[in-house]
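Using numbering that gives the first Met the number 0, the letters of the sequence shown map in sequence onto residues 0 to 283.
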Amino acid sequence: MGLSRPVGPPSDERFLRLTRNEQVRKRRRNQTLLKGATWAGLHLGVVGVVALAAWGGHRYLTHSERFTVRQVLVSGGTAAPANQLKTVTDTVLGRNIFTADLEAVQSKLQSLPWIKSASVKRRIPDALLIQIEERAPEVLVKIGSTVYLADGEGTLLDRFGPQYADYDFPILTGLDRVGRETLKRKIQLGAAFVNLLYRTRPVLADQVSEVDLSRDDALAVRLNDGGAPLRVSPDALELNLDNYLAMRNYIAANYGPVTYVDLRWKDRITILPAAKRSTEHGAK
Numbered sequence: 000m001g002l003s004r005p006v007g008p009p010s011d012e013r014f015l016r017l018t019r020n021e022q023v024r025k026r027r028r029n030q031t032l033l034k035g036a037t038w039a040g041l042h043l044g045v046v047g048v049v050a051l052a053a054w055g056g057h058r059y060l061t062h063s064e065r066f067t068v069r070q071v072l073v074s075g076g077t078a079a080p081a082n083q084l085k086t087v088t089d090t091v092l093g094r095n096i097f098t099a100d101l102e103a104v105q106s107k108l109q110s111l112p113w114i115k116s117a118s119v120k121r122r123i124p125d126a127l128l129i130q131i132e133e134r135a136p137e138v139l140v141k142i143g144s145t146v147y148l149a150d151g152e153g154t155l156l157d158r159f160g161p162q163y164a165d166y167d168f169p170i171l172t173g174l175d176r177v178g179r180e181t182l183k184r185k186i187q188l189g190a191a192f193v194n195l196l197y198r199t200r201p202v203l204a205d206q207v208s209e210v211d212l213s214r215d216d217a218l219a220v221r222l223n224d225g226g227a228p229l230r231v232s233p234d235a236l237e238l239n240l241d242n243y244l245a246m247r248n249y250i251a252a253n254y255g256p257v258t259y260v261d262l263r264w265k266d267r268i269t270i271l272p273a274a275k276r277s278t279e280h281g282a283k
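What follows is the structure, encoded as structure tokens:
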């Protein structure tokens with residue numbers, strides 16, 4: 000009985016077939032690599048074109064004369080000295096509108112005493128728009144021999160002079176030897192009292208000439224008629240004001256010269272006559 004040979008391709012034929020498969024896979028890999036390289040090249044090309052366009056656009060925006068700041072338009076300001084505003088706005092005239100530091104302009108404006116807040120915007124191609132909110136003067140403040148305008152937050156705005164003659168406010172005194180924070184707090188207190196009078200008792204407010212803040216426990220309020228000062232509680236500014244208004248003529252008629260009228264105690268007014276006898280009047 001003869002042995003049959005196994006059926007199948009000879010070994011050299013199998014080897015040749017494997018070689019052809021490897022060649023096919025190699026061609027496919029090469030084609031894939033070629034496609035990848037092509038797409039990468041196209042992508043880099045597009046990125047390069049975009050980058051070049053962006054660089055050109057940036058250079059045009061930041062170097063073209065078209066975008067030079069030629070106008071600075073300020074709104075919302077009527078009291079702030081024009082020369083102070085001009086000192087700040089002149090720093091951006093002639094600058095490129097896109098490279099101008101708007102935050103720096105805003106910060107400089109808000110550092111001016113009269114300016115409470117400021118916003119700065121671009122108006123393409125050549126203008127900056129500035130909107131400011133000014134502080135409102137509410138009192139006069141005497142420190143040493145100098146009188147200042149001040150607002151209700153305790154900010155000294157400017158030295159009082161002929162240019163501010165239209166501002167006819169009571170003057171706050173007794174502030175010569177206080178620190179910065181105490182000065183601010185006392186101006187706030189004095190302004191709060193003056194504003195309270197103008198809102199609720201305008202006739203009395205017009206008669207107030209001075210508010211002495213030298214004491215911590217009382218405001219000494221002096222009137223235009225040269226009469227005795229009123230001592231007002233810093234913790235209850237309205238206390239006994241109406242009672243005093245109802246009795247002031249009686250006090251003047253019956254007690255003559257008075258050293259002070261103390262309104263700080265609930266339901267009573269204390270009077271110190273110049274003869275140094277103290278009298279209390281119930282306010283009920």
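We treat Cβ as the ideally placed atom computed from N, Cα and C, and that holds for glycine.
Note that this is a predicted model, so its numbers are computed, not measured.
Just how far apart, CA to CA, sit Arg263 and Ala103?
Against the sequence shown, residue 263 aligns to sequence position 264. Against the sequence shown, residue 103 aligns to sequence position 104. For the pair Arg263 and Ala103, the Cα-to-Cα distance works out to about 48 Å.
Under 8 Å by Cβ, that's how I've got Val257 and Ala227 pegged, so tell me the actual separation to the nearest angstrom.
Position 258 of the sequence shown, counting from 1, holds the residue named residue 257. Position 228 of the sequence shown, counting from 1, holds the residue named residue 227. Indeed they touch by this definition, with Cβ atoms about 4 Å apart.
Pick from Ile131, Glu237, Val231, Ala204: whose alpha carbon is nearest that of Asn223?
To locate residue 223, count along the sequence shown from 1; it is residue 224. Closest option to Asn223, Cα to Cα, is Ala204.
Option nearest Asp261 by Cα separation, candidates Ala219, Thr67, Gly225, Asn82:
Counting from 1 along the sequence shown, the entry for residue 261 is found at position 262. Here the closest residue by C-alpha is Ala219.
Measure the Cβ-Cβ separation of Val91 and Val73 and say whether it is below 8 Å.
Working through the sequence shown from its first residue, we reach residue 91 at position 92. Working through the sequence shown from its first residue, we reach residue 73 at position 74. Contact flag unset, no.
Are Phe159 and Glu137 touching if we call contact CB-CB under 8 Å?
The count along the sequence shown starts at 1 and reaches residue 159 at position 160. The count along the sequence shown starts at 1 and reaches residue 137 at position 138. Not a contact, by the Cβ cut-off of 8 Å.
Give, in chain order, every unbroken run of the beta strand (DSSP E) that is at least 3 residues long and sits entirely within the region 206-231.
The region 206-231 contains these whole beta strand (DSSP E) runs: 207-211, 218-222, 229-231.
For Gly151 and Ala190, which I take to be in contact (beta-carbon distance under 8 Å), what is that distance rounded to the nearest angstrom?
Mapped onto the sequence shown, residue 151 falls at position 152. Mapped onto the sequence shown, residue 190 falls at position 191. About 4 Å; that satisfies the 8 Å criterion.
Pairwise C-alpha distance: Leu271 and Ile114:
Taking the first residue of the sequence shown as position 1, residue 114 is located at position 115. Taking the first residue of the sequence shown as position 1, residue 271 is located at position 272. Ile114 and Leu271 have their C-alpha atoms roughly 45 Å apart.
Between the alpha carbons of Met246 and Arg267, how many angstroms are there, rounded?
Stepping through the sequence shown from its first residue, residue 246 is reached at position 247. Stepping through the sequence shown from its first residue, residue 267 is reached at position 268. Each residue's CA atom was taken as its position, placing Met246 and Arg267 some 11 Å apart.
Apart from the five residues just before and just after Asp100, which ones in its own chain have a Cβ nearer than 7 Å to its Cβ?
As a position in the sequence shown, residue 100 is number 101, starting the count at 1. The answer is none, since no qualifying residue turns up.
Residue burial classification, Glu64 (beta-carbon count within 10 angstroms, cutoff 16):
Sequence index remark: in the sequence shown, residue 64 carries index 65 (1-based). So Glu64 ends up on the exposed side.
Would you mind stating whether Lys120 and Leu128 have Cβ atoms separated by less than 8 Å?
If you number the sequence shown from 1, residue 120 lands on position 121. If you number the sequence shown from 1, residue 128 lands on position 129. The answer is yes: Cβ separation under 8 Å.
8 Å Cβ cutoff met for Ile131 and Ala149:
Indexing the sequence shown from 1 puts residue 131 at position 132. Indexing the sequence shown from 1 puts residue 149 at position 150. Cβ distance not < 8 Å, so Ile131 and Ala149 don't count as in contact.
Using a Cβ-Cβ cut-off of 6 Å (strictly less than) and excluding sequence neighbours within five positions of Thr88, which residues of its own chain qualify?
In the sequence shown, the residue the question calls residue 88 occupies position 89. The residues Val71, in chain order, have a CB closer than 6 Å to that of Thr88 in the same chain once the five nearest residues on each side in sequence are set aside.
Determine the burial state of Leu248: buried for a count of at least 16 other Cβ atoms within 10 Å of its Cβ, exposed for fewer.
Taking the sequence shown and counting its residues from 1, one reaches residue 248 at position 249. Residue identity differs from the one stated: residue 248 is Asn in this sequence, not Leu. Classified as exposed, Asn248 has fewer than 16 neighbouring CB atoms from the shown chains inside 10 Å of its CB.
Integer-rounded CB distance, given that Val207 should sit under 8 Å from Gly171
Locating residue 171 in the sequence shown gives position 172, where the first residue counts as 1. Locating residue 207 in the sequence shown gives position 208, where the first residue counts as 1. Note on identity: in this sequence residue 171 is Leu, with Gly being the wrong assignment. With a Cβ gap of about 11 Å, Leu171 and Val207 do not count as contacting.
Under 8 Å between the Cβ atoms of Gly153 and Gln187?
Taking the first residue of the sequence shown as position 1, residue 153 is located at position 154. Taking the first residue of the sequence shown as position 1, residue 187 is located at position 188. Yes; because the gap between Cβ atoms is below 8 Å, this pair is in contact.
Distance check for Pro80 and Gly178, CA to CA, integer angstroms please.
By one-based count along the sequence shown, residue 178 stands at place 179. By one-based count along the sequence shown, residue 80 stands at place 81. Rounded to whole angstroms, the separation of the alpha carbons of Pro80 and Gly178 is 27 Å.
With distances taken between CB atoms, is the gap from Leu240 to Arg200 smaller than 8 Å?
As a first step, residue 240 is located in the sequence shown; it is residue number 241 there, counting from the start. As a first step, residue 200 is located in the sequence shown; it is residue number 201 there, counting from the start. Taking 8 Å as the Cβ cut-off, Leu240 and Arg200 qualify as a contacting pair.
Pick helix, strand or coil for His265, following the three-state DSSP scheme.
Counting from one through the sequence shown, the residue named residue 265 turns up at place 266. In the sequence on display, residue 265 carries Lys and not His. Reduced to three states, the DSSP call for Lys265 is coil.
Thinking C-beta only, is Leu84 closer than 8 Å to Asn112?
Taking the sequence shown and counting its residues from 1, one reaches residue 112 at position 113. Taking the sequence shown and counting its residues from 1, one reaches residue 84 at position 85. At residue 112 the sequence reads Pro, which differs from the Asn that was named. No, the pair does not count as a contact, with Cβ atoms beyond the cut-off.
Reducing DSSP to helix, strand and coil, say where Glu64 ends up.
Sequence index remark: in the sequence shown, residue 64 carries index 65 (1-based). Glu64 falls in the helix class under three-state DSSP.
Nearest-angstrom Cα separation, counted from Gln105 out to Tyr254:
Looking up residue 254 in the sequence shown gives position 255. Looking up residue 105 in the sequence shown gives position 106. Rounded to whole angstroms, Tyr254 to Gln105 spans 59 Å at the Cα level.
Check Asn82 in the structure and name its three-state DSSP category.
In the sequence shown, residue 82 corresponds to position 83, counting from 1. Look at Asn82 here: in three-state DSSP terms it is helix.
Whole angstroms is fine: what's the gap from Lys265's alpha carbon to Leu244's?
Position 266 of the sequence shown holds residue 265. Position 245 of the sequence shown holds residue 244. Rounded to whole angstroms, the separation of the alpha carbons of Leu244 and Lys265 is 16 Å.
Runs of alpha helix (DSSP H) wholly within the region 71-154 (minimum 4 residues, chain order)
As for any alpha helix (DSSP H) of minimum length 4 sitting wholly inside the region 71-154, the runs are 81-88, 101-109, ordered along the chain.
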